[in-house]
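Novice: Chains as they are written, first to last, in the working numbering: chain A, 1 to 612; chain B, 1001 to 1612.
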């Protein structure tokens, strides 16, 4: 007996065909759910040279076995595909109410291919699904789409995931928005959605999630709730949101400033306390979350309600651009939310433009304007131009890799890994972070590779035998980085918020009692490793090799200030150790045949090593 | 071969006799050094009914095998005796330069008994020792004593540990001061020193510390230095001192306010940032420490230079007294330093007076004044009155246990364990902290029982198989509490600063290569356990039983505000588990005979269990 069915909706937007995809128990057991299951489902469809915006590229929405249960912090969704920004495996997760509602609509996920001939939205309700016309929604922003759909459907209880103008215009880092300010931000999956003319997915319903062992789950859920409430970070995030990290991170040299060339900046001007006190910001939460890390600002410059900004956003539009005008950060964030644009790639691209402008590589003539550091109004204006693909905004919207190519700038100064812009945790402050960025399945990713949280002690996995490491050293980082990545893969498979401080033991017990299959902490690690490797195999098919596992020099060269002064991660050392630990092939950057077979990824073993 | 000699100076201040005490290698190996070795040395001298202020009560200064080496953060000293405040085992550690200088003077420690017939000081210099007249120093403050002795000896390189007027007047919680603002604060060992008419110990010399394996130690020392510098807390403490915890702790409900009845208070008014910005406070360090957590304020209200305050001090004179006048906190701290008074016991006693006054138990008539909450000037005045044993200051100087007795107040509202006032980490914020306080060898102690640091992830001992726990739960705390206490015992035996984030593996390797004896992380834990048990045996001789392992109700009853709202530790549950884990006897509160024998504490086994 098991309670997790893995019932996916399969939709071909080209033909209009809708059917239910029943998954094999063995696949569910091995891939669990979420982004891992999405990778398994997509694997066969991805051919070398596959274009992200080709109609046959899949777009997958996937919940997991935890979604819909009463376990805290599980209303999360993975959205996966081939990234229009990076051209390789792409994924992003989001919270809010939509993930819970999608499950309650009767589906564990949606597998979408094809391209509609006119704007459409998908309407899911208690096991039924329809493709509906969205012509009247095309061109309007994400807040308005959500409102309009709720009004039209005369149901305030529905939840909507949608794209804004940025996704429609296929800006390569357009995102998917839901429940007002929640975002599946990274990898440009909003552009992928836009390429299919899919404006929104609407979920409605009240179907219950079955559990293999309800009684035991009641007990484990109660314990889990106590655990997350008891953790010391809980009241801190509740009080000040993720922006609380601004001041702490700055002291550690972990907040990059002036496009990765500085690490000293008046953090308190734009930190969690400043947001709270300046705007009387209040807290908000994803469905069923006792932590409430999200922020809401009412009556902001004449706008009824804006959301965020989160730490990553404020760091990217703030210190990275040498901008401490909090007002402009909140506004740029709101525009990104409304237009559906990834704040992180936007902030890094704008900061890069400022850096290139200062160095004379981006000229006033080419830019059509002065692009000086720290100009908050300019940042807001550039966000608008990126969304509208207007003037220099067209180039900035392509991300830093293509900006460097187009402007013939030093590629070592383009702050990305595999095309994905660097997050706002400086790789010099936690050297393991550099390794995680270089090897992350979607490129530079702080969520899969949260080595910094592990070294800070705010994430711990004693069951897997790893301990916090010296943050300013490069030796011995491979095992921790790999296990941290594996473990985060599991979170994105279940799905579970990264801030849920549940132990591997608690998670494996709950997964066992939800599904009816036995899992141990070691099984979780293996499932995570399997997920990393199938995603790697997809990206290998799309051209990723070892030379792509790298960090741009500007993000790792030693600074002359701050708490990381004079320190630089040793990429060669870490990567060698990592490849050894992962059993990846040093020549090609592919998982070894042996490793793929060991993880029961037989098809990938055949595809990647045809002659063996 | 071994490099750690354990050469103690034995001084009888009554007879003036001075000799060298050579210790047995087996004792050194088992007790390591510091407070553990001091307990072993004192053990036979302590009889039931022993009065702390009796001339034959020993006063021990002890360094350890790490002192004098180039390992970072090791210039620390343990001062031990029977506490004039609590009447049981008493100890306190201090940093600065004095510990290093004591070792360089040729002695690992000093074992002092007797009482001089006039004020004296001890002068140690390159293996020689003298008792010298200190009549001209009696009555002057600790800053002045240090300056005068350096001037008289015409040697700015000497280091001085001394008492101030509070110690001379035997205020029960008088402390020992050295190197300007460094304090061996707790347990009233300054009063014990005062009872012996010992005004100061002066250390001079340049003798080197031998190492069993110098080459290996060079390598391990370099690694250790990298480890402590790389830890994420290093730049935070360097930048803002220990006061940086004020805001973080307040968010967690860990900073007690209004005499343990509140946990919400405007922390930022008196936090590390406020200190830095208000007074342009600069950093200072103990000898050889790369962290530099100490603070110095120049030109404070006409005083050239004042030190601190540390977090514990600012919390006690601040939120606990509902006082956010930072100026008064800095001033009260400075007076305590100059007069030689423990800031923690002083702050808790003053806050208790405010609480009793509000409740009509301490009347205006008895107090001779109004004692209202939050009056900074009053706090400064009360510190002066405590030191001078003047008016109500005489009673406040006795500590909260005797205040409750004298005023016939509810003993459950006297915030102490075994007579030692509670530290400034709220037992409701980290429930394991309550267990550590209840069972700590010197009473309520946040340094031996730093469960909060363990749960916060800023202290980790993966080698000993323990993991951070849910802070708001009481289940399963015994093992972590016991191992945290054991491990901190080792730090106080080596001696090593509690902020040194070295792993148990690093510590045991260094100890092995300093002494020439092999230690593993498990050996360290056993040595710590031995130390805990011999100290417990001493206190058992002095009357401690299980009923003393308790927390006053006011410090654990659930609050109606803040992040611990409604939560209260379950003392019965935790103590039972702790006794089981420690193999202590539930009826008597003594270590079981079996446990004492297992730890090779045969004499204690005979003394505590004579009929067995």
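Glycine included, every Cβ here is placed at the ideal spot set by N, Cα and C.
Per DSSP, residue 1187 of chain B is paired with what?
Specialist: Within the second chain, the letter at position 187 stands for residue 1187 of chain B. Its beta-bridge partners do not exist; DSSP assigns none.
Novice: Please state whether DSSP places residue 1533 of chain B in a helix, a strand or coil.
Specialist: The residue labelled residue 1533 of chain B in the question sits at position 533 within the second chain. Helix, per DSSP.
Novice: Just curious, the alpha helix (DSSP H) that residue 1436 of chain B is in, first and last residue?
Specialist: Mapped onto the second chain, residue 1436 of chain B falls at position 436. Counting along the chain, the alpha helix (DSSP H) containing residue 1436 of chain B begins and ends at 1431-1439.
Novice: So what does DSSP say about residue 453 of chain A, is it helix, strand or coil?
Specialist: Here residue 453 of chain A is taken as the residue at index 453 of the first chain, counted from 1. Of the three classes helix, strand and coil, the one that applies to residue 453 of chain A here is helix, per DSSP.
Novice: From residue 271 of chain A to residue 75 of chain A, what does the alpha carbon distance come to, in whole angstroms?
Specialist: In the first chain, residue 271 of chain A corresponds to position 271, counting from 1. In the first chain, residue 75 of chain A corresponds to position 75, counting from 1. Their backbone Cα atoms lie some 27 Å apart in a straight line.
Novice: Whose CA, out of A:121, A:491, A:37, lies closest to the CA of residue 194 of chain A?
Specialist: Working through the first chain from its first residue, we reach residue 194 of chain A at position 194. Of the candidates A:121, A:491, A:37, the one whose C-alpha sits nearest the C-alpha of residue 194 of chain A is A:121.
Novice: Taking all protein chains shown into account, do 16 or more other C-beta atoms lie within 10 angstroms of the C-beta of residue 310 of chain A, making it buried, or fewer, making it exposed?
Specialist: On the first chain, position 310 is the one that residue 310 of chain A refers to. So residue 310 of chain A ends up on the buried side.
Novice: Nearest to residue 123 of chain A by CA position, among A:13, A:180, A:319, A:365, is which residue?
Specialist: Taking the first chain and counting its residues from 1, the one referred to as residue 123 of chain A is at position 123. Measuring from the Cα of residue 123 of chain A, the nearest candidate turns out to be A:13.
Novice: Suppose only complete runs of 3+ residues qualify. What are the beta strand (DSSP E) ranges in the segment 63-90 of chain A, listed by chain order?
Specialist: For the segment 63-90 of chain A, whole beta strand (DSSP E) runs of length 3 or above, ordered along the chain, are 77-82.
Novice: The alpha helix (DSSP H) spanning residue 1428 of chain B covers which residue range?
Specialist: To locate residue 1428 of chain B, count along the second chain from 1; it is residue 428. From DSSP, residue 1428 of chain B is part of no alpha helix (DSSP H); its letter is neither H nor E.
Novice: Any idea if residue 1105 of chain B is buried or exposed, counting beta-carbon neighbours within 10 angstroms, 16 or more meaning buried?
Specialist: By one-based count along the second chain, residue 1105 of chain B stands at place 105. Residue 1105 of chain B comes out buried.
Novice: Whole-angstrom Cβ separation of residue 1442 of chain B and residue 1083 of chain B, contact assumed at under 8 Å?
Specialist: For the purposes of this step, residue 1442 of chain B is identified with residue 442 of the second chain, where counting begins at 1. For the purposes of this step, residue 1083 of chain B is identified with residue 83 of the second chain, where counting begins at 1. Sure, about 7 Å apart at Cβ, within 8 Å.
Novice: Check the Cβ of residue 1471 of chain B against every Cβ in chain A and list those closer than 8 Å, keeping chain order.
Specialist: Residue 1471 of chain B sits at position 471 when you count from the first residue of the second chain. Near residue 1471 of chain B (Cβ distances below 8 Å), the residues of chain A are 230, 231, 232.
Novice: I need the boundaries of the alpha helix (DSSP H) containing residue 1395 of chain B, first residue and last residue.
Specialist: Translated into the one-based positions of the second chain, residue 1395 of chain B becomes position 395. Unbroken alpha helix (DSSP H) run through residue 1395 of chain B: 1392-1396.
Novice: Is residue 1251 of chain B close to chain A? Criterion is C-beta to C-beta, closer than 8 Å.
Specialist: Your numbering for residue 1251 of chain B matches position 251 in the second chain. True, the Cβ-Cβ gap to chain A drops below 8 Å.
Novice: Going by alpha carbons, who is nearest to residue 232 of chain A out of B:1094, B:1451, B:1343?
Specialist: Position 232 of the first chain, counted from the first residue, corresponds to residue 232 of chain A. Cα-wise, what sits closest to residue 232 of chain A is B:1451.
Novice: From the beta carbon of residue 239 of chain A, is the nearest beta carbon of chain B less than 8 Å away?
Specialist: Walking along the first chain from the start, residue 239 of chain A turns up at place 239. Chain B, which has a Cβ nearer than 8 Å to the Cβ of residue 239 of chain A, makes this yes.
Novice: If the cut is a Cβ gap below 8 Å, which residues of chain B does residue 236 of chain A touch?
Specialist: As a first step, residue 236 of chain A must be located in the first chain, where it is residue number 236. Under the 8 Å cutoff, chain B gives 1248, 1251, 1252.
Novice: Run through chain B and tell me which residues come within less than 9 Å of residue 226 of chain A, C-beta to C-beta.
Specialist: By 1-based counting over the first chain, the position of residue 226 of chain A is 226. Here the neighbours are 1470, 1472, 1473.
Novice: Return helix, strand or coil for residue 1365 of chain B, following the three-state DSSP convention.
Specialist: Walking along the second chain from the start, residue 1365 of chain B turns up at place 365. Three-state DSSP puts residue 1365 of chain B in a helix.
Novice: Among B:1102, B:1471, B:1466, which one has its Cα closest to the Cα of residue 1486 of chain B?
Specialist: Reading the second chain from its first residue, position 486 is the one you call residue 1486 of chain B. Selected option, being the one with the closest Cα: B:1466.
Novice: Taking a cut of 7 Å between CB atoms, which residues from the segment 444-462 of chain A lie near chain B?
Specialist: Within the segment 444-462 of chain A, the residues whose Cβ lies closer than 7 Å to some Cβ of chain B are 455, 456, 457, 458, 460, 462, listed in chain order.
Novice: What residues from the segment 493-511 of chain A come within 7 Å of chain B, judged by C-beta to C-beta, listed N to C?
Specialist: So nothing in the stretch comes that close.
Novice: Taking residue 1072 of chain B and residue 1288 of chain B to be in contact with their CB atoms under 8 Å, please state how far apart those CB atoms are, rounded to whole angstroms.
Specialist: Within the second chain, numbered from 1, the residue matching residue 1072 of chain B stands at position 72. Within the second chain, numbered from 1, the residue matching residue 1288 of chain B stands at position 288. At roughly 6 Å, the Cβ-Cβ gap stays under 8 Å, so residue 1072 of chain B and residue 1288 of chain B are in contact.
Novice: Please classify residue 157 of chain A as buried or exposed, where buried requires at least 16 other C-beta atoms within 10 Å of its C-beta.
Specialist: To locate residue 157 of chain A, count along the first chain from 1; it is residue 157. So residue 157 of chain A counts as exposed.
Novice: Would you mind stating whether residue 595 of chain A and residue 540 of chain A have Cβ atoms separated by less than 8 Å?
Specialist: Translated into positions along the first chain, residue 595 of chain A becomes position 595. Translated into positions along the first chain, residue 540 of chain A becomes position 540. Not a contact, by the Cβ cut-off of 8 Å.
Novice: Indicate the three-state DSSP secondary structure (helix, strand or coil) for residue 528 of chain A in the structure shown.
Specialist: Walking along the first chain from the start, residue 528 of chain A turns up at place 528. Helix.
Novice: Applying a beta-carbon distance threshold of less than 7 Å, which residues of chain B neighbour residue 481 of chain A?
Specialist: Taking the first residue of the first chain as position 1, residue 481 of chain A is located at position 481. None at all; the shortest Cβ gap to chain B is about 16 Å.
Novice: Quick one: give me the first and last residue of the beta strand (DSSP E) that residue 306 of chain A is part of.
Specialist: Walking along the first chain from the start, residue 306 of chain A turns up at place 306. That run of the beta strand (DSSP E) goes 303-307.
Novice: For the alpha helix (DSSP H) holding residue 202 of chain A, just list the boundary residues, first then last.
Specialist: Position 202 of the first chain, counted from the start, is the residue given in the question as residue 202 of chain A. No alpha helix (DSSP H) holds residue 202 of chain A; the beta strand (DSSP E) holding it covers 198-204.
Novice: Please compile the residues from chain A whose C-beta is within a distance smaller than 7 Å of the C-beta of residue 1467 of chain B.
Specialist: Within the second chain, the letter at position 467 stands for residue 1467 of chain B. The answer, in chain order, is 460, 462.
Novice: List the DSSP bridge partners of residue 129 of chain A.
Specialist: Locating residue 129 of chain A in the first chain gives position 129, where the first residue counts as 1. According to DSSP, residue 129 of chain A bridges with A:124.
Novice: Mind pulling the chain C residues with CB within less than 7 Å of residue 563 of chain A?
Specialist: Note that chain C does not occur in the displayed structure, where the protein chains are A and B.
Novice: Could you give the distance in angstroms between the alpha-carbon of residue 1369 of chain B and the alpha-carbon of residue 1585 of chain B?
Specialist: Taking the first residue of the second chain as 1, we reach residue 1369 of chain B at position 369. Taking the first residue of the second chain as 1, we reach residue 1585 of chain B at position 585. If you take the alpha carbons of residue 1369 of chain B and residue 1585 of chain B, they lie about 47 Å apart.
Novice: With 16 as the cutoff for other CB atoms within 10 Å, does residue 229 of chain A come out buried or exposed?
Specialist: Translated into the one-based positions of the first chain, residue 229 of chain A becomes position 229. That one is buried.
Novice: Is there contact here, the segment 99-118 of chain A with the segment 127-141 of chain A, by at least three beta-carbon pairs under 8 Å?
Specialist: Yes: at least three Cβ pairs fall under 8 Å.
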